[in-house]
Amino acid sequence: MTKEELWQALLAKIQFDISQANFATWFKNTEIISRKEGKVIVSVPNNFSKEWLLNKYNKAILKILYEIDQSIKEVEYEVTRSSVRKKEETEVNIEREQLDFPQFKINRETNLNPRYTFDNFIVGPFNELSHAASQAISKNPGSTYNPLFIYGGVGLGKTHLLQAVGNEIAKNFPLKKIKYTSSEKFTSEVVSSIRNQTMEKFKSSYRVIDVLIIDDIQFLAGKEKTQEEFFHTFNSLYEKNKQIIISSDRPPNAISSLEERLCSRFEGGMITDISLPDFETRIAILKTKIQEKGVNVEPDVLEYIASNIKRNIRELEGSLNQVIIYQKVNNCNVDIEKIKILLKNVVSSPYKKITSKKIIKSVADFYDLKESEVLQFSRKKEIVRPRQIAMFFLRQELKSSFPFIGRRFAGRDHTTAIYACEKVSKEIEKDNKFKEEIDLIKQLILKN
Ligand code: ADP
Ligand code: MG
């Protein structure tokens, strides 16, 4: 068994022992980097993952590896640059990344991933208009719909479509300068240009672009300086008839604290949405994916997945991948009885809504505290910080009022809450490592 296969087999097993949330959070971007004399070294993307795997999952990991190969006696975790880089470069989810499905190289200049094309994008009534507008643009960038603003919920194909346009334009117009970026990446570029006094360079690098694609623009909410920079970049490109394509999880006027002038720029172009795929499209998507991967899955299993996973396409793919892994590891076909067991967690979970309880639980879980410890009055450093972070999330995710937040934490007053939220926000801007920590907690909240 190669080290890749060994780790695949472990992932396939462990994901049924732990919650999906934890699996996705802690096992993403991990791999075995070496295996010698009974010792396996696992590469992890950051120190949090390292500590977490070591403290919480080491026993389980070792047990599974030992079951597969009795010569394995020890596991070590190492933070490696390669996994860090991988994390920065791609947003592909764990199933695809680890389980030996085709890997694609992201183009360094355009940031485009060649895996996303129109050819493998299934069209149905739910995304027809967005697809048509995207195709029109890729034939005639800059002169059809400008800007194009596509919005829809998570995992419904926004990134796929945006990147497909980019890839198609790159094919049709090889001389055009294309850039795909997320609004978070744009923000961090603005921040570091200010810090390093390289603003002019940053500006000019954006003003020579022919096609600018910005994903998840909702994250610009509240970031005034970045919005201002974006506004100037936008205007400069727009005046030169350069194509701008934007995605968001909601329509422009629903993005709170998005400057009025930006909002009206977006509304001046074409706005389309992507809604939920119907049953037929879900089946069609699954069929395309199994063809792409060259595997066999029984028709009634596909039908079970398509009838039960309705929320988004990413989950649909994830469930299919679970089936494929299972078949690969166990060398047998999944049948209708088995699929019910495999998908038990996904199918029975009702629509997930963020609540203050979930926020507090996730923060407590993350820092290995009890929920009551996060809520109580304490000046201990290891409690003050998680409490401030929990307050920050209550504000950010639930828009709770400061007096409410204060009361929720052992009856503090609103100034404590304001102070906590400001402190955390500032630290996120300044400290990348801390931002990473916050992102991980957010993932936990969303999945808890
Ligand atoms: P979003 O950006 O809206 O959160 P993504 O574009 O990342 O969603 O899509 C999630 C996954 O579902 C990706 O792997 C993508 O390739 C796949 N996907 C989404 N829409 C389609 C579609 N219409 N046809 C085929 N695959 C799709
Ligand atoms: Mg996306």
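Residue numbers (the numbering used here): 139 to 586.
Glycine included, C-beta positions come from ideal geometry on N, C-alpha and C.
Cutoff 6 angstroms; reference residue i; Cβ partners in own chain excluding five residues on either side
i: residue 355; result: 321, 384 and 386
i: residue 302; result: 254, 255, 256 and 259
i: residue 271; result: 283, 286, 408 and 410
i: residue 173; result: 141
i: residue 380; result: 280 and 348
i: residue 177; result: 212
i: residue 413; result: 264
Cβ neighbour criterion (16 or more within 10 Å) applied to residue i
i: residue 226; result: Confidence in residue 226 is poor, its pLDDT being 40 and thus under 50, which makes the residue's placement unreliable; the coordinate value appears in the next sentence. By the neighbour-count rule (16 or more Cβ atoms within 10 Å), residue 226 is not buried but exposed.
i: residue 559; result: buried
i: residue 435; result: buried
i: residue 265; result: buried
i: residue 522; result: exposed
i: residue 298; result: buried
i: residue 445; result: exposed
i: residue 503; result: buried
i: residue 353; result: buried
i: residue 578; result: buried
i: residue 269; result: buried
i: residue 404; result: buried
i: residue 514; result: exposed
i: residue 188; result: buried
i: residue 181; result: buried
i: residue 516; result: exposed
i: residue 306; result: buried
i: residue 548; result: exposed
i: residue 367; result: buried
i: residue 313; result: exposed
DSSP beta-bridge partners of residue i
i: residue 178; result: 173 and 213
i: residue 287; result: 384 and 409
i: residue 328; result: Answer by DSSP bridge pairing: none, since residue 328 is not bridged.
i: residue 353; result: 320
Helix, strand or coil at residue i [DSSP, three-state]
i: residue 493; result: coil
i: residue 559; result: helix
i: residue 526; result: helix
i: residue 96; result: Given that the chain is displayed from residue 139 to residue 586, the structure contains no residue 96 and the question cannot be resolved.
i: residue 184; result: coil
i: residue 151; result: helix
i: residue 549; result: coil
i: residue 500; result: helix
i: residue 578; result: helix
i: residue 139; result: coil
i: residue 195; result: helix
i: residue 306; result: helix
i: residue 359; result: coil
i: residue 467; result: helix
i: residue 254; result: coil
i: residue 394; result: coil
Beta-carbon proximity list for residue i, same chain, < 7 angstroms, skipping 5 on both sides
i: residue 419; result: 260, 262 and 264
i: residue 424; result: 440, 443, 444, 454 and 458
i: residue 155; result: 198
i: residue 464; result: 150, 472 and 480
i: residue 451; result: 293, 294, 295, 415 and 423
i: residue 533; result: 543 and 559
i: residue 528; result: 497, 498, 501 and 512
i: residue 329; result: 567
Chain-order list of residues whose beta-carbon lies under 8 angstroms from that of residue i (same chain, five-residue window excluded)
i: residue 541; result: 551, 552 and 555
i: residue 365; result: 358, 396, 397 and 400
i: residue 369; result: 397, 399, 400 and 403
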